[in-house]
Amino acid sequence: MTKITLIKGDGIGPEITDAVVKIIEAAGVKIDWDVQTAGADVIEKEGVPLPDRVLESVKRNKIALKSPVTTPIGKGFRSVNVQLRKELDLYANLRPCYNLPGVKTRYENIDIVVVRENTEDLYAGIERQVDENTAESIKIITRSASTRIAEFAFDYAVKNNRKEVCVVTKANICKLSDGLFLECARETAKKYPDISFKEILVDNCCMQLVQNPNQFDILLLPNLYGDIVSDICAGLIGGLGIAQGANIGKDYAVFEPVHGSAPDIAGQDKANPTAMLMSAIEMLNFTGENKAASRIKNALLKTLEEGIKTADIGGSASCSEFTNAIIAKL
Ligand code: ATP
-15 MTKITLIKGD GIGPEITDAV VKIIEAAGVK IDWDVQTAGA DVIEKEGVPL PDRVLESVKR
45 NKIALKSPVT TPIGKGFRSV NVQLRKELDL YANLRPCYNL PGVKTRYENI DIVVVRENTE
105 DLYAGIERQV DENTAESIKI ITRSASTRIA EFAFDYAVKN NRKEVCVVTK ANICKLSDGL
165 FLECARETAK KYPDISFKEI LVDNCCMQLV QNPNQFDILL LPNLYGDIVS DICAGLIGGL
225 GIAQGANIGK DYAVFEPVHG SAPDIAGQDK ANPTAMLMSA IEMLNFTGEN KAASRIKNAL
285 LKTLEEGIKT ADIGGSASCS EFTNAIIAKL
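In my numbering, the protein residues as written are -15 to 314.
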């Protein structure tokens, strides 16, 4: 039986995790879940939001399914998500965004894959108070990290039959840092003559995304722009409730929805488990459970097609009604 770390998180985390575990069980997939808690609720008992046992569990099992984890603001803790990605060297953040049936959006036929560098940029967290009135934050971009994420994007394009990689930077302003990211993408592109290569500035990219998103295929971005642009892409396909994600490194992979812990709707049986479920479906594909993955995906798509959906995407089903409808289709 495959052993997988399951990080339950907080806010809506436990509800959507339970929903997804039930669906996977109903599909007949046998997983030995190594359940780990993290986030605001464990600080009281263990002193930190991401105890070592969680990292050790992922290192043991190599794969994790993770729901959102809140990092308390202004209490001196480093973000759990950032720490997890950094400690496990999960350098690639992969966020495929495409339209789902029954989810009304402004544009149709969107099929964009966001590939975001996950370990450096302003997320390196190197900040200092220069004096009372000045703060400084250092943006780190290295050749090795930029090249490996560019290679990841092009390899993904080849393996998944995609046509184009578009690198997104602000290299006209951040000439050295974004300039290096761009240079690494250009160098990598030369090794993949069958994949077309485009360059765009991040401000123009945002405008193009809201005016004509169908022009984009794979977007390759440094960490911060990747964070922002992937939320635009989530908005294009119907919002955070359906936006899936994965953090992939050489040794480990952590699958998680793009959204946060949504404290405003926590504990009310209102959360949409789709983003978490789609992330789990990718995890099943990753572990070789492709048949079960496509059965679950079909059940999800059919449920949405029938108009059974949660409030965030215009429906009236609760999280548990939606979950049960998917299970009934399995
Ligand atoms: P973070 O900083 O952790 O990303 P955030 O507060 O910026 O958190 P979210 O927690 O993702 O963002 O919530 C943003 C909005 O989207 C909230 O109104 C929330 O209720 C809604 N939302 C997020 N995820 C879901 C979901 N799975 N189902 C329904 N609504 C959701």
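For every residue, glycine included, the Cβ atom is placed at its ideal position computed from N, Cα and C.
Remember, predicted model here, so these are calculated numbers, not experimental data.
*Go through its chain and collect everything with a Cβ distance to A237's Cβ below 8 angstroms, but skip five positions before and after it.*
K46, I47, A48, L74, A230, N231, M267 and F270
*From the beta carbon of C217, is the nearest beta carbon of chain E less than 8 angstroms away?*
No chain E is present in this structure, which holds just one protein chain.
*Count the other CB atoms within 10 Å of the CB of A134; is the residue buried (16 or more) or exposed (fewer)?*
It counts as buried.
*Whole beta strand (DSSP E) runs in the segment 37 to 95 with 3 or more residues, listed along the chain?*
47 to 50 and 76 to 82
*Apart from the five residues on each side of it in sequence, which residues of its chain come closer than 8 angstroms, Cβ to Cβ, to I179?*
F138, A141, V142, R146, K147, E148, V149 and A173
*For Q192, name the three-state secondary structure that DSSP assigns.*
helix
*Return the CA-CA distance between E171 and L68, expressed in angstroms with no decimal places.*
Distance between the alpha carbons of E171 and L68 is about 29 angstroms.
*Are the segment 198 to 217 and the segment 91 to 98 touching, with three or more C-beta to C-beta distances below 8 angstroms?*
yes
_Sequence-distant residues of the same chain with beta carbon closer than 6 angstroms to V13, five excluded per side_ = E273 and A276
_Could you check if S263 belongs to the surroundings of the ligand ATP, using beta carbon to heavy atom distance under 7 angstroms?_
no
*When DSSP labels each residue in this structure, what does E171 get in the three-state scheme?*
helix
*asked:* Closest to R100 by C-alpha separation, out of Y209, D187, F61 and T(-11), would be which residue?
replied: The candidate whose alpha carbon is nearest that of R100 is Y209.
*Would you check if the distance between the CB atom of G225 and the CB atom of T294 is smaller than 8 angstroms?*
yes
_What I want to know is whether the C-beta of T294 ends up closer than 7 angstroms to one or more non-hydrogen atoms of the ligand ATP._
yes
*To the nearest angstrom, report how far apart A309 and F181 are at their CA atoms.*
42 angstroms
*Examine the ligand ATP and report whether any of its heavy atoms sits within less than 7 angstroms of the Cβ of A255.*
Remark: the shortest separation between the CB of A255 and any heavy atom of the ligand ATP falls under 7 angstroms.
*Enclosing beta strand (DSSP E) for L333 [first to last residue]*: Residue coverage of the chain in this structure runs from -15 to 314, which leaves residue 333 outside it and unanswerable.
*Kindly indicate the opening and closing residues of the alpha helix (DSSP H) around K286.*
N274 to E289
*Excluding five sequence neighbours on each side, which residues of the same chain lie with their C-beta closer than 6 angstroms to the C-beta of E240?*
K50, G229 and S263
*Is it the case that the CB of S304 approaches a heavy atom of the ligand ATP more closely than 7 angstroms?*
No, Cβ of S304 sits at least 7 angstroms from all heavy atoms of the ligand ATP.
*Does DSSP put F200 in a helix, in a strand, or in coil?*
coil
*Using the beta-carbon count (16 or more within 10 Å), is T287 buried or exposed?*
By the neighbour-count rule (16 or more Cβ atoms within 10 Å), T287 is buried.
*asked:* For a quick check, are the C-beta atoms of I0 and P247 less than 8 angstroms apart?
replied: no
*Is it the case that the CB of P367 approaches a heavy atom of the ligand ATP more closely than 7 angstroms?*
As displayed, the chain neither begins before -15 nor continues past 314, which places residue 367 out of reach and without an answer.
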